[in-house]
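*Asks:* Residue numbers (this note's numbering): 3 to 257.
C-beta atoms are modelled at their ideal positions from N, C-alpha and C, and glycine is treated no differently.
Since we're looking at a predicted model, the values are computed, not measured.
The structure that follows is given in the form of structure tokens.
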């Protein structure tokens, strides 16, 4: 499962260090930093929720006793994706699908587990593989803009800082606009994740890998995971609002 919180955590670090204007240095204690704190609280709550929900249903074994790796193999084969490999990867909830390598990697907490939670996560990653197979537009768009998003994310804050130092408001606003690309990327990610979860639940039911009551548990796990993506969007939106406040305050001081 892709870590939705990685973006908000990384960008909090970048935007939280400095904001300079009119020869003044804004430390982490400037009033606008409360927006970053709010975003951090939102992401921490979402992270705690997904971890606690996963742990709850990771203690509930599926009645059929199928491991997550076996379930993933069955789902892939049923969709004609015989070429997609399944590998084990270290970590907890580090599950992900790599389209370039043609592999689904299931974490230590998932691979050999027969729990409802593990099967839900494995089926979710298979959902991403199926999205690629059928040419699901949002995931193609998301993967296509990754290089551009990376450039924007690294360049945005330095451009904002340089613009404020030089009193070049338009340059600073350009930096904010580049940061908005990160938010757009996260918004595009939302339908890819919710769709993969919908595919996962439908497949687990249609292939009788989980019973109806077990599907409810898997649904709660995937819903909690989805909330981390919404939390990431909210956190990034708050950071953009903060950057706009910093640039606007700098422009007023420079007048």
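#1: If you draw a straight line from the alpha carbon of residue 147 to that of residue 233, how long is it in whole angstroms?
#2: Determine the extent of the beta strand (DSSP E) in which residue 109 is found, giving its start and end residues.
#3: Please name the residue in 136, 101 and 64 whose C-alpha comes closest to that of residue 114.
#4: At what residues does the alpha helix (DSSP H) containing residue 200 begin and finish?
#5: For residue 123, which residues does DSSP report across the bridge?
#6: For residue 100, name the three-state secondary structure that DSSP assigns.
#7: State the Cα-Cα distance for the pair residue 207 and residue 40, rounded to the nearest angstrom.
#8: Using a threshold of 8 Å, state whether the C-beta atoms of residue 183 and residue 151 are closer than that.
#9: Taking its Cβ as the centre, do 16 or more other Cβ atoms sit within 10 Å of residue 168, making it buried, or is it exposed?
#10: Would you mind reading off the limits of the alpha helix (DSSP H) that contains residue 151?
#11: Given a cut-off of 8 Å on the beta-carbon distance, is the pair residue 230 and residue 49 in contact?
#12: Pull the bridge partners of residue 91 from the DSSP assignment, please.
#13: In or out: residue 102 buried (at least 16 other Cβ within 10 Å) or exposed?
#14: At what residues does the alpha helix (DSSP H) containing residue 41 begin and finish?
#15: Can you give me the C-alpha to C-alpha distance between residue 248 and residue 76, rounded to a whole angstrom?
#16: Going by DSSP, what residues sit across from residue 117 in a beta bridge?
#17: Once you ignore the five residues that flank residue 104 on each side, which residues in its own chain have a CB closer than 7 Å to its CB?
#18: Quick check: residue 196 and residue 228, are their CB atoms within less than 8 Å of each other?
#19: Apart from the five residues just before and just after residue 34, which ones in its own chain have a Cβ nearer than 7 Å to its Cβ?
#20: For residue 89, count the other beta carbons within 10 Å of its own beta carbon; 16 or more makes it buried, fewer makes it exposed. Which is it?
#21: Roughly how many angstroms lie between the CA atoms of residue 108 and residue 117, to the nearest whole one?
#22: Identify whether residue 231 lies in helix, strand or coil by the three-state DSSP scheme.
#23: Return the CA-CA distance between residue 222 and residue 201, expressed in angstroms with no decimal places.
#24: Going by CA-CA distance only, name the one from 79, 83, 180 and 55 that's closest to residue 95.
*Replies:* On the basis of the coordinates in this document:
#1: Roughly 21 Å between the two C-alpha positions.
#2: Note, residue 109: beta strand (DSSP E), 105-109.
#3: Ranking 136, 101 and 64 by Cα distance to residue 114 puts 64 first.
#4: If you look at residue 200, you'll find it in the alpha helix (DSSP H) that goes 171-208.
#5: Answer is none; residue 123 lacks a bridge partner.
#6: Here residue 100 sits in strand by DSSP.
#7: Looking at the two C-alpha atoms, the distance is approximately 38 Å.
#8: The criterion of a C-beta distance shorter than 8 Å is satisfied by residue 183 and residue 151.
#9: With fewer than 16 other Cβ atoms within 10 Å, it is exposed.
#10: For residue 151, the uninterrupted alpha helix (DSSP H) run begins and ends at 148-167, by DSSP.
#11: Using a Cβ distance threshold of 8 Å, residue 230 and residue 49 count as a contacting pair.
#12: Among the bridge pairs identified by DSSP, residue 91 is matched with 109.
#13: By the neighbour-count criterion, in which 16 or more other beta carbons inside 10 Å mark a residue as buried, residue 102 falls on the exposed side.
#14: Annotation: the continuous alpha helix (DSSP H) that includes residue 41 extends over 35-60.
#15: Distance between the alpha carbons of residue 248 and residue 76: 53 Å.
#16: Residue 117 is bridged by DSSP to 63.
#17: Once the five neighbours on either side are set aside, the close Cβ partners of residue 104 are 85, 86 and 87.
#18: Yes, these two residues count as a Cβ contact at 8 Å.
#19: Residues 244, 247 and 248 of the same chain have their beta carbon placed closer than 7 Å to that of residue 34, with the five preceding and five following residues left out of the count.
#20: Burial call: exposed.
#21: Taking the Cα positions, residue 108 is about 14 Å away from residue 117.
#22: Three-state result, residue 231: helix.
#23: If you take the alpha carbons of residue 222 and residue 201, they lie about 15 Å apart.
#24: Answer by Cα proximity: 55.
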